[in-house]
Every structure is written in structure tokens, then in C-alpha cells.
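Trainee: Residue numbers (the working numbering): 1 to 265.
In this text, a Cβ means the ideal position worked out from N, Cα and C, and glycines have one as well.
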């Protein structure tokens, strides 16, 4: 009996390692507070719960309405639920002195961690290992599992070349997810810290990246490239916008320069 290609196990393993390394990097660089894990989890988990609450009764109403309508449907949910709740949780945490400037990058990375690791990769890793072990041992359970996979996920039996390509695309997708979450999470915290709502207004449209989701299957390579480019752009925008705010605050808070008189009257 043919087994799944074990190369697919690399995808969740790489994503877990990358996400954990990113959090470790910010801890070493910024020494962020441990409660960043909790606040980012709350923001992400509540957002996903609200998405499910909206989608379960309504997805059937828009599923046949075309890519554009479906894209707006997904995009607006991410804007209001994921980005909006990231701001609400950051606002409450900062006001209670539970988050400060050193936590901004880690808060965004935490949002990405819970999606890429907690919500997706851990379960995927467990499932793939289980499939491989079951199919390796044979028996009636292996037959049942094989029949289900060959119908529902035939790509798991791809050749090594095809599998590596799919793994690469999958990893790129999760890297893009990490970048966009970092961008809007960082902006949400900085918006509260600096009392600059325009930083939050810059973060909001970043969630509309999910507008592109219905178009993914038309050209998956192009889709992932566009999403990655937009994610990198979002990180740059977040950095640049915050830098401008910092410079503006420094200028207004610094004492005026004293000039020497050019003449004595």
C-alpha cells in the first residue's frame, strides 16, 4: 500500500520552528513581558471564534456569489475581528500597564504564533505523523485511512519533487501570515502607547488581505507571491509610520533651540 510522502511533515515542523524562533528572537532583543502570550492568545482566539460564529450561518449565502463578493466577505471579517480585536486587547492591556513598548513586536508575533502553530501546524503535524504510521503498519485501519486520503487529499501521495514544491508554498504562506500579523499587531500596540489612532487606521486595511483568499486556486504560485509582497509592504509601512510618529513626538517634546543674537541694539 502506498504511503503519504513524509516530506509533507516538514511543512508544519518548519513553521513551528520558525514561529518559536521568532518569539525567542524578540525575547532576546526586547525582553518582552510573559503576559504577551496570554493577550495575543485572547485577541486571536476571540477573533477566530467570532469568525466561526459569523460564517457558520452565513457562508452558504455568499459561497456562490463570485470571488469578489466572497473576498469582501472574508476581508471584512479579518479587518473587524482580527485587527479590531488586536487593538481592543492591546488598548485594555496597555491601560492596565500590562503591556508597554518592549512588547509591541512580540504582541504581533504572538498573534502569528497562535495562528501558525496553535491553530494550524500542531494539529497538522500530529495528523501527518499519524497517517504515516497507520499506513506503514497496514491492516483494516490503514485501508480505511488510505481510501479517505486518496479521495480527500490525493496530493499527500505526490512525488518528492511535487511534495517539496507544495511544502515550499505552504511555508511561504505561513511566513506571509507571520509578517502581516506582526505588522498590524505592532501598529495596534503603538497606536495605544502613543495615543495615535491613525496608526490603528493604518493597520485596519491590512486585514483586507484575506480578500484574495477566493482567488488562490486560480494560480497558487502568483497568489502566494502577491500575498508575500503585500505582507512585506505591510511590515515596512508599520515601521515607517511608527518612525514618523516617534520623530514627531521627539520634535514637539524637545526644548526649543536658543540662538545667539546676531547684533546688539
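For residue 40 and residue 111, which I take to be in contact (beta-carbon distance under 8 Å), what is that distance rounded to the nearest angstrom?
Mentor: Here the question's residue 40 lines up with position 40 in the chain shown. Here the question's residue 111 lines up with position 111 in the chain shown. Going by Cβ atoms, the distance from residue 40 to residue 111 rounds to 5 Å, so yes, they are a contact pair.
Trainee: Could you have a look at residue 208 and say whether DSSP puts it in helix, strand or coil?
Mentor: To locate residue 208, count along the chain shown from 1; it is residue 208. Three-state DSSP puts residue 208 in a helix.
Trainee: List, from N- to C-terminal side, the alpha helix (DSSP H) runs of 4 residues or more that fit wholly inside the region 57-82.
Mentor: 67-77, all fully within the region 57-82.
Trainee: What does the Cβ neighbour count give for residue 100, buried or exposed, with the cut at 16 atoms within 10 Å?
Mentor: Mapped onto the chain shown, residue 100 falls at position 100. Residue 100 comes out exposed.
Trainee: Would you report the Cα separation of residue 45 and residue 115, rounded to the nearest angstrom?
Mentor: Along the chain shown, one-based indexing puts residue 45 at 45. Along the chain shown, one-based indexing puts residue 115 at 115. Their backbone Cα atoms lie some 9 Å apart in a straight line.
Trainee: Label residue 239 either buried or exposed according to how many other C-beta atoms from any shown protein chain fall within 10 Å of its C-beta, with 16 as the threshold for buried.
Mentor: Numbered from its first residue, the chain shown carries residue 239 at position 239. That one is exposed.
Trainee: Pick out the complete beta strand (DSSP E) segments inside the region 78-113, 3 residues or longer, and give them in chain order.
Mentor: List check, beta strand (DSSP E) in window: nothing returned.
Trainee: Kindly examine the ligand GTP and report whether one of its heavy atoms sits closer than 7 Å to the Cβ of residue 103.
Mentor: Although the ligand GTP was asked about, the structure shown includes no ligands whatsoever.
Trainee: Over what stretch of residues does the alpha helix (DSSP H) that includes residue 7 continue unbroken?
Mentor: On the chain shown, position 7 is the one that residue 7 refers to. Segment: none, residue 7 is in no alpha helix (DSSP H) and carries neither H nor E.
Trainee: For the candidate residues 7, 33, 133, 207, whose alpha-carbon lies nearest to that of residue 97?
Mentor: For this step, residue 97 is matched to residue 97 along the chain shown. Among 7, 33, 133, 207, the Cα nearest to that of residue 97 belongs to 33.
Trainee: Below 8 Å between beta carbons: does that hold for residue 30 and residue 102?
Mentor: Here the question's residue 30 lines up with position 30 in the chain shown. Here the question's residue 102 lines up with position 102 in the chain shown. Yes, these two residues count as a Cβ contact at 8 Å.
Trainee: Work out the CA separation of residue 228 and residue 15 for me, nearest whole Å.
Mentor: Taking the chain shown and counting its residues from 1, the one referred to as residue 15 is at position 15. Taking the chain shown and counting its residues from 1, the one referred to as residue 228 is at position 228. Cα-Cα distance, rounded: 15 Å.
Trainee: Following the continuous alpha helix (DSSP H) through residue 165, name the residue where it begins and the one where it ends.
Mentor: As a first step, residue 165 must be located in the chain shown, where it is residue number 165. Unbroken alpha helix (DSSP H) run through residue 165: 160-193.
Trainee: Check each candidate in 63, 12, 134 and name the one with the smallest Cα separation from residue 119.
Mentor: The count along the chain shown starts at 1 and reaches residue 119 at position 119. The candidate whose alpha carbon is nearest that of residue 119 is 12.
Trainee: Have a look at residue 93 and residue 173 and give me their C-alpha separation to the nearest angstrom.
Mentor: Looking up residue 93 in the chain shown gives position 93. Looking up residue 173 in the chain shown gives position 173. Distance between the alpha carbons of residue 93 and residue 173 is about 30 Å.
Trainee: In the DSSP assignment, the alpha helix (DSSP H) including residue 215 goes from what residue to what residue?
Mentor: Reading the chain shown from its first residue, position 215 is the one you call residue 215. Looking at the DSSP string, residue 215 is not in any alpha helix (DSSP H), and its letter there is neither H nor E.
Trainee: Could you round the C-beta distance between residue 211 and residue 71 to whole angstroms and report it? I think they count as a contact, below 8 Å.
Mentor: Translated into the one-based positions of the chain shown, residue 211 becomes position 211. Translated into the one-based positions of the chain shown, residue 71 becomes position 71. Contact holds; Cβ gap of about 4 Å.
Trainee: Give every residue of the same chain whose Cβ lies closer than 6 Å to the Cβ of residue 51, excluding the five residues on either side of it in the sequence, and list them in chain order.
Mentor: Taking the chain shown and counting its residues from 1, the one referred to as residue 51 is at position 51. Cβ neighbours of residue 51 beyond the five flanking positions: 77, 81.
Trainee: Between which two residues does the alpha helix (DSSP H) containing residue 140 stretch?
Mentor: Position 140 of the chain shown, counted from the start, is the residue given in the question as residue 140. Unbroken alpha helix (DSSP H) run through residue 140: 140-152.
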